[in-house]
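One structure is given here, and the rest of the page talks about it.
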Ligand SMILES: Cc1cc2nc3c(=O)[nH]c(=O)nc-3n(C[C@H](O)[C@H](O)[C@H](O)COP(=O)(O)OP(=O)(O)OC[C@H]3O[C@@H](n4cnc5c(N)ncnc54)[C@H](O)[C@@H]3O)c2cc1C
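Residue numbers (this note's numbering): 179 to 239.
This is the structure in C-alpha cells:
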C-alpha cells in the first residue's frame with residue numbers, strides 16, 4: 179500500500195520514510211507501527227499510534 183501510494187521508502191528499514199511527527203513524504207499520510215519496519219512489540223506500536231494520532235489532530239486543525 180505504501181509503495182502503491184508513492185510513499186518514499188527508507189532503505190534501512192524498508193518501511194515508509196517519516197519525520198519526527200510521523201508524516202510520510204505524501205502530504206496528509208501518516209505512518210506508525212509495524213508498517214515502519216520489522217515487527218515491534220504491541221506497546222511500542224501503541225505509543226507510536228498515540229503520537230501519530232496527536233500529530234494528525236494538529237494537521238487537521
Ligand atoms: C499471534 C500474535 C501474538 C502477539 N503477541 C504479542 C505479545 O504477546 N506482546 C507484544 O508486545 N506483541 C505481540 N504481538 C505483536 C503485536 O500484536 C503487534 O506488534 C502490534 O499489534 C502491531 O501494531 P500495529 O498498529 O503496527 O498493527 P496492527 O495491530 O496489525 O494494526 C493494523 C491495522 O490495520 C488494519 N488494516 C490492514 N490492512 C488494511 C487496509 N488495507 N485498509 C484498512 N485497514 C487495514 C488491520 O485490520 C489492523 O487493524 C503479537 C502478534 C501476533 C500476530
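Quick reminder that beta carbons are idealized off the backbone N, C-alpha and C, glycines included.
Where does residue 201 land, buried or exposed, given buried means 16+ other C-beta within 10 angstroms? Position 23 of the chain shown holds residue 201. By the neighbour-count rule (16 or more Cβ atoms within 10 Å), residue 201 is buried.
(request) Could you spell out where the alpha helix (DSSP H) holding residue 232 opens and where it closes? (result) Translated into the one-based positions of the chain shown, residue 232 becomes position 54. Residues 220 to 238.
Looking at C-beta atoms only, is the number of pairs between the region 180 to 190 and the region 221 to 232 that lie closer than 8 Å three or more?
Between the region 180 to 190 and the region 221 to 232 there are fewer than three C-beta pairs closer than 8 Å, too few to call the two in contact.
- Using the beta-carbon of each residue, find all residues closer than 5 Å to any heavy atom of ligand 1 and list them in chain order. Counting every residue whose Cβ lies closer than 5 Å to a heavy atom of ligand 1, we get 211, 212, 219, 220, 223.
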